[in-house]
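Going by my numbering, the sequence shown opens with residue 3, and the numbers climb by one from there. Beta carbons: idealized from backbone N, C-alpha and C, even for Gly. Encoded as C-alpha coordinates, the structure appears first; notes follow it.
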Amino acid sequence: MRAWLQHGGDIPLAITTGNQISSRLLSLSGANVLLKIPAKSSQCTTLRAGQIVDALWLGSV
3 MRAWLQHGGD IPLAITTGNQ ISSRLLSLSG ANVLLKIPAK SSQCTTLRAG QIVDALWLGS
63 V
(Lines of atoms letter the chains of each structure in order from A and count residues from 1; the text may use other names and numbers.)
(Lines give C-alpha, C1' and ligand atoms only; values in the text may rest on other atoms or scores of the structure.)
Protein backbone atom coordinates (compact mmCIF):
# COMPACT_ATOMS: atom_id res chain seq x y z
CA MET A 1 0.00 0.00 0.00
CA ARG A 2 1.39 3.41 -0.97
CA ALA A 3 1.76 5.88 1.88
CA TRP A 4 3.84 8.71 3.27
CA LEU A 5 5.31 8.91 6.74
CA GLN A 6 4.43 11.62 9.20
CA HIS A 7 7.05 12.02 11.92
CA GLY A 8 6.53 13.66 15.27
CA GLY A 9 5.86 11.01 17.88
CA ASP A 10 7.72 7.98 19.16
CA ILE A 11 6.59 5.92 16.16
CA PRO A 12 6.16 7.33 12.63
CA LEU A 13 2.57 7.42 11.36
CA ALA A 14 1.81 6.20 7.83
CA ILE A 15 -0.88 8.04 5.88
CA THR A 16 -2.12 6.25 2.75
CA THR A 17 -2.12 8.16 -0.52
CA GLY A 18 -5.74 7.29 -1.25
CA ASN A 19 -7.16 4.97 -3.88
CA GLN A 20 -4.61 2.22 -4.59
CA ILE A 21 -5.77 1.05 -8.05
CA SER A 22 -2.93 0.36 -10.49
CA SER A 23 -4.03 3.03 -12.98
CA ARG A 24 -3.65 5.78 -10.35
CA LEU A 25 0.10 6.34 -10.62
CA LEU A 26 -0.17 9.84 -9.15
CA SER A 27 -0.61 8.22 -5.72
CA LEU A 28 2.86 6.67 -6.14
CA SER A 29 4.49 10.05 -6.78
CA GLY A 30 3.22 11.30 -3.41
CA ALA A 31 4.38 8.21 -1.51
CA ASN A 32 7.65 7.79 0.37
CA VAL A 33 6.94 4.28 1.71
CA LEU A 34 5.25 1.06 0.64
CA LEU A 35 3.44 -0.67 3.50
CA LYS A 36 3.44 -4.46 3.85
CA ILE A 37 -0.17 -5.16 4.82
CA PRO A 38 -1.01 -8.61 6.26
CA ALA A 39 -3.20 -10.79 4.06
CA LYS A 40 -6.87 -10.92 4.99
CA SER A 41 -7.78 -14.05 6.94
CA SER A 42 -10.54 -15.25 9.25
CA GLN A 43 -8.46 -13.99 12.22
CA CYS A 44 -7.45 -10.69 10.57
CA THR A 45 -10.11 -8.88 8.55
CA THR A 46 -9.13 -5.25 9.19
CA LEU A 47 -6.06 -3.15 9.89
CA ARG A 48 -6.58 -1.10 13.04
CA ALA A 49 -5.32 2.43 13.61
CA GLY A 50 -2.03 2.23 15.49
CA GLN A 51 -1.18 -1.27 14.28
CA ILE A 52 2.51 -1.63 13.43
CA VAL A 53 3.40 -2.96 9.97
CA ASP A 54 6.62 -3.30 7.96
CA ALA A 55 7.43 -0.62 5.40
CA LEU A 56 9.81 -0.24 2.48
CA TRP A 57 11.33 3.24 2.28
CA LEU A 58 11.31 4.78 -1.21
CA GLY A 59 14.14 7.13 -2.16
CA SER A 60 16.94 8.53 -0.06
CA VAL A 61 16.71 8.99 3.70
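- request: Name, in chain order, the residues that DSSP records as bridge partners for Leu-49.
  value: Bridge partners of Leu-49: none, in fact.
- prompt: By Cβ distance below 8 Å, which residues in the same chain neighbour Leu-49 in space, the five residues on each side in sequence not counted?
  reply: Ile-39, Pro-40, Val-55
- prompt: Going by DSSP, which residues form a beta bridge with Lys-42?
  reply: Lys-42 is not bridged to any residue.
- prompt: Just reading off the beta strand (DSSP E) that Leu-15 is part of, what are its end residues?
  reply: 15-18
query: What are the residues that DSSP puts in a beta bridge with Leu-7?
result: Ala-16
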